[in-house]
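First the structure, in the form of C-alpha cells, and then the observations on it.
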Amino acid sequence: MDGVLLKRKAQKHVYIALNKPRGIVSTTEPAERQSVVRYMNYPERIYPIGRLDKDSEGLLLLTNDGDIVNRLLRARYGHEKEYLVRVDKDITEDFVEEMETGVKILGQITLPCKVRTIDKRLFRITLTQGLNRQIRRMCEALGYNVVRLERIRILNISLGNLTPGSWRYLTVKEMKQLEELLLKSEAQANTQDDVAQPVWIEDEE
Numbered sequence: 094m095d096g097v098l099l100k101r102k103a104q105k106h107v108y109i110a111l112n113k114p115r116g117i118v119s120t121t122e123p124a125e126r127q128s129v130v131r132y133m134n135y136p137e138r139i140y141p142i143g144r145l146d147k148d149s150e151g152l153l154l155l156t157n158d159g160d161i162v163n164r165l166l167r168a169r170y171g172h173e174k175e176y177l178v179r180v181d182k183d184i185t186e187d188f189v190e191e192m193e194t195g196v197k198i199l200g201q202i203t204l205p206c207k208v209r210t211i212d213k214r215l216f217r218i219t220l221t222q223g224l225n226r227q228i229r230r231m232c233e234a235l236g237y238n239v240v241r242l243e244r245i246r247i248l249n250i251s252l253g254n255l256t257p258g259s260w261r262y263l264t265v266k267e268m269k270q271l272e273e274l275l276l277k278s279e280a281q282a283n284t285q286d287d288v289a290q291p292v293w294i295e296d297e298e
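All you need for my numbering is the position in the sequence shown, starting with 1, plus 93.
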C-alpha cells in the first residue's frame, strides 16, 4: 500500500535437541518418508544442524536459526562431538592408540581424538572433525565393524536422559554457554595465521 510501511513480524528462533532413533534420515527433503522433519512434525519450519547417519542414533540439534547453523558447521572451529561406539570384537590397546593418533580414511589422516574404553567392546570417542561416516570408516580401517553408534554430546549440549524419539528445547543456560563456546572458538580461529576460506563439515556419523 502506498505510503504505508509494513513490518514483518520477527521470527522467534527455536533450538531443539532430539534423540534421533535409528532409521530416521537427517534431511529436510519432502520426498524422504523417513526424514527427521517429517518424523518430528514440528509446527514451524526447522532443519537439522549437520547430519547423523541413518544407522546411527542419538543427539541431533534442530533449529530455524540459520546463523547458528553456519557457525556450528564450520569445521575449522574444531567443535567437539562425543559418541558411544560398540564394535564387533574386543578392543585392544593398539586400536585405541591408532584411533587417537589418526587413521587414514578418504585419502587423509584423521585429526587426533580422545578415546576412552568403557568395556571390552564399547568405547567413548570425542572428535573435532566430521568426515563422512568418520567413526565407521576409522573402525573398518582397523578391522572392526561398528555395531551401534550413538552421539551423546555436541559441545556443551548433552543427550542426557532423552529417550529415543523424544526431544526438548535447549535451556537459556545451555544457549548462553553455547554462545560463549562459539565466540571462543571463532576468536581462536581468527588469530591463526591460516585465513583460508572456512571448510564446512560434510557429514556426521
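Where is the CB? At the ideal position from N, CA and C, for every residue including glycine.
Since this is a predicted model, take the numbers as computed values, not measurements.
CB residue i to CB residue j, shorter than 7 angstroms?
| i | j | result |
| --- | --- | --- |
| Ser-128 | Glu-137 | no |
| Pro-48 | Gly-258 | Since the displayed the chain opens at 94 and closes at 298, residue 48 lies outside it and no answer follows. |
| Val-240 | Asp-181 | yes |
| Arg-246 | Glu-175 | yes |
| Leu-153 | Leu-252 | no |
| Arg-179 | Leu-215 | yes |
| Leu-274 | Leu-255 | no |
| Tyr-132 | Ser-278 | no |
| Thr-156 | Ile-184 | no |
| Leu-177 | Glu-243 | yes |
| Gln-227 | Leu-204 | no |
Judging by CA-CA distance, which residue of the options is the nearest neighbour of residue i?
| i | options | result |
| --- | --- | --- |
| Lys-197 | Val-265, Gly-236, Glu-272 and Leu-152 | Gly-236 |
| Ile-109 | Glu-267, Gln-281 and Leu-275 | Glu-267 |
| Arg-217 | Glu-193, Gln-281 and Glu-272 | Glu-193 |
| Gly-200 | Val-189, Leu-224 and Asn-157 | Leu-224 |
| Thr-234 | Asp-187, Arg-209, Leu-248 and Lys-105 | According to the sequence as given, residue 234 is Ala; it is not Thr. Checking every option, the nearest Cα to that of Ala-234 belongs to Asp-187. |
| Lys-213 | Val-189, Gly-195, Gln-222 and Gln-227 | Val-189 |
| Leu-111 | Thr-284, Arg-261, Ala-280 and Asn-283 | Arg-261 |
| Ser-119 | Asp-148, Val-107 and His-106 | Asp-148 |
| Lys-269 | Glu-125, Ile-161 and Gly-143 | Ile-161 |
| Ile-250 | Glu-272, Lys-105, Gln-104 and Thr-284 | Glu-272 |
| Ile-139 | Arg-167, Val-208, Val-107 and Asn-163 | Val-107 |
Between residue i and residue j, how many whole angstroms is the CB-CB distance? I'm expecting something under 8 angstroms.
| i | j | result |
| --- | --- | --- |
| Cys-206 | Leu-220 | 5 angstroms |
What are the start and end residues of the beta strand (DSSP E) that includes residue i?
| i | result |
| --- | --- |
| Lys-207 | 207 to 212 |
Does the ligand ADP have a heavy atom nearer than 6 angstroms to the CB of residue i?
| i | result |
| --- | --- |
| Leu-255 | In the structure shown, the ligand ADP is absent, as is every other ligand, since no ligand is present at all. |
Checklist entry - Along the chain, which unbroken stretches of the alpha helix (DSSP H) at least 4 residues long are found entirely within the stretch 138 to 186? => result Listed in chain order, the complete alpha helix (DSSP H) runs (minimum 4 residues) inside the stretch 138 to 186 are 159 to 166.
Checklist entry - At which residue ranges does the stretch 220 to 273 contain complete alpha helix (DSSP H) runs of 4 or more residues, listed in the order of the chain? => result Annotation note: the stretch 220 to 273 contains the following uninterrupted alpha helix (DSSP H) runs of length 4 or greater, listed N- to C-terminal: 227 to 234.
Checklist entry - Of all the beta strand (DSSP E) runs that stay within the bounds of the stretch 108 to 136, which reach a length of 3 or more residues? => result Listed in chain order, the complete beta strand (DSSP E) runs (minimum 3 residues) inside the stretch 108 to 136 are 108 to 113.
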